[in-house]
Amino acid sequence: MPAHMPRPGLPLRIGPDGWLADAPGLLRRPSPNHDARPGDEAPYLLVIHNISLPPGIFTGDAIIDFFQNRLDFASHPWFENIRDLRVSAHFLIRRDGTIVQFVPTVLRAWHAGASSFEGRERCNDFSIGIELEGTDTLAYTDAQYGRLDALAAAIRARHPIRAVRGHEHIAPGRKTDPGASFDWKRFEQGADGHETTHHRHHPGGR
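This is the structure we're talking about:
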């Protein structure tokens with residue numbers, strides 16, 4: 001396995017500054033699309049998304065460029081749909097398991113938009129966003145599930161996370177990700193052993 005690729009089972013650690021400690025398979029690509037959490041509130045919600053740019057295409061660095069406000073909008077006609085957006089997430093997990101961090105977890109990334117959780121709006125204020133490179137209908141990879149488990153464990157070790165939701169659950173009718181292709185049961189049964197946190201992802205299960 002090349003040295004730069006993720007190694008299965010390798011634990012991850014988030015430092016006091018909210019950045020993942022350096023390890024194989026991790027990239028740090030700071031995004032300007034963030035600000036402070038109100039009152040320095042500790043995040044307690046983990047939100048799972050999906051993204052691909054253009055939709056269904058998993059080559060190139062368009063997602064990274066988009067979150068860094070560097071996307072070449074002339075490079076694909078579909079990009080005109082997102083020209084005016086300024087968004088980010090804390091993390092992206094690519095198809096090969098590479099983790100890209102854009103925003104430290106102690107700060108507010110702009111990932112959730114209009115949203116609510118347990119009657120509270122503005123989920124960006126109290127959540128951490130993880131993007132999976134993918135679509136609602138295409139299965140996510142084994143590498144992504146493995147790295148998601150490791151990343152979720154690292155986040156919980158650093159922050160008081162008590163719930164995990166999909167974007168579709170905090171913005172119903174507006175968002176559909178991570179979609180039917182995301183295996184919530186597999187995530188619940190991940191190696192980190194936090195089933196009670198996972199299985200409440202939304203009423204009734206999937």
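Mapped onto full-length UniProt numbering, the consecutive letters of the sequence shown carry residue numbers 1 to 206. Don't be surprised by glycine CBs; every beta carbon is placed ideally from N, CA and C.
Where the beta strand (DSSP E) through residue i begins and ends
{"i": "Gly166", "result": "163 to 166"}
{"i": "Ile155", "result": "First-last for Ile155: 142 to 158, but that is the alpha helix (DSSP H), not the beta strand (DSSP E)."}
{"i": "Ser127", "result": "127 to 133"}
Beta-carbon proximity check, residue i vs residue j, cutoff 7 Å
{"i": "Ser52", "j": "Glu168", "result": "no"}
{"i": "Phe20", "j": "Leu27", "result": "Here residue 20 turns out to be Leu, not Phe, going by the sequence shown. Contact: no."}
{"i": "Gly113", "j": "Ala143", "result": "no"}
{"i": "Tyr44", "j": "Pro178", "result": "no"}
{"i": "Asn33", "j": "Ser88", "result": "yes"}
{"i": "Gly166", "j": "Ile48", "result": "yes"}
{"i": "Pro104", "j": "Asp22", "result": "no"}
{"i": "Phe67", "j": "Arg95", "result": "no"}
{"i": "residue 207", "j": "Ile14", "result": "This structure cannot settle anything about residue 207, because the visible part of the chain is limited to 1 through 206."}
{"i": "Ser181", "j": "Thr137", "result": "yes"}
{"i": "Ser115", "j": "Ala171", "result": "yes"}
Alpha carbon of residue i to alpha carbon of residue j, nearest angstrom
{"i": "Asp149", "j": "Leu12", "result": "10 Å"}
{"i": "His90", "j": "His111", "result": "8 Å"}
{"i": "His199", "j": "Ala74", "result": "In this prediction, His199 has a pLDDT of 39, which is less than 50 and means its spatial position is unreliable; what the coordinates show is noted afterwards. Taking the straight line from one Cα to the other gives about 42 Å."}
{"i": "Ala139", "j": "Asp183", "result": "8 Å"}
{"i": "Gly146", "j": "Asp61", "result": "22 Å"}
{"i": "Phe126", "j": "Ile155", "result": "13 Å"}
{"i": "Glu41", "j": "Ala109", "result": "13 Å"}
{"i": "Glu188", "j": "Arg120", "result": "24 Å"}
{"i": "Asp65", "j": "Phe79", "result": "12 Å"}
{"i": "Ala152", "j": "Asp72", "result": "32 Å"}
{"i": "Lys175", "j": "Gly129", "result": "14 Å"}
{"i": "Thr197", "j": "Ala163", "result": "Note on Thr197: pLDDT 45, under 50, position unreliable in the model; no value is reported."}
{"i": "Phe117", "j": "Leu107", "result": "19 Å"}
{"i": "Phe102", "j": "Arg29", "result": "5 Å"}
{"i": "Gly56", "j": "Leu46", "result": "24 Å"}
{"i": "Leu85", "j": "Arg186", "result": "33 Å"}
{"i": "Ser31", "j": "Leu92", "result": "12 Å"}
{"i": "Pro24", "j": "Val100", "result": "11 Å"}
{"i": "Pro54", "j": "Arg122", "result": "27 Å"}
Residues that residue i bridges to, as DSSP identifies them
{"i": "Pro172", "result": "Lys175"}
{"i": "Phe182", "result": "Bridge partners of Phe182: none, in fact."}
{"i": "Ala109", "result": "His34"}
{"i": "Leu20", "result": "Ile14"}
Continuous alpha helix (DSSP H) stretch holding residue i: start and end
{"i": "Arg28", "result": "Taken as a continuous stretch (DSSP letters only), Arg28 belongs to no alpha helix (DSSP H), being part of the beta strand (DSSP E) at 26 to 28."}
Contact with chain C by residue i, beta-carbon distance below 7 Å
{"i": "Phe58", "result": "Any reference to chain C falls outside this structure, which holds one protein chain only."}
- Could you give the uninterrupted runs of the beta strand (DSSP E) lying entirely in the segment 33 to 107, keeping only those of 3 residues or more? 34 to 36, 45 to 51, 91 to 93, 99 to 101
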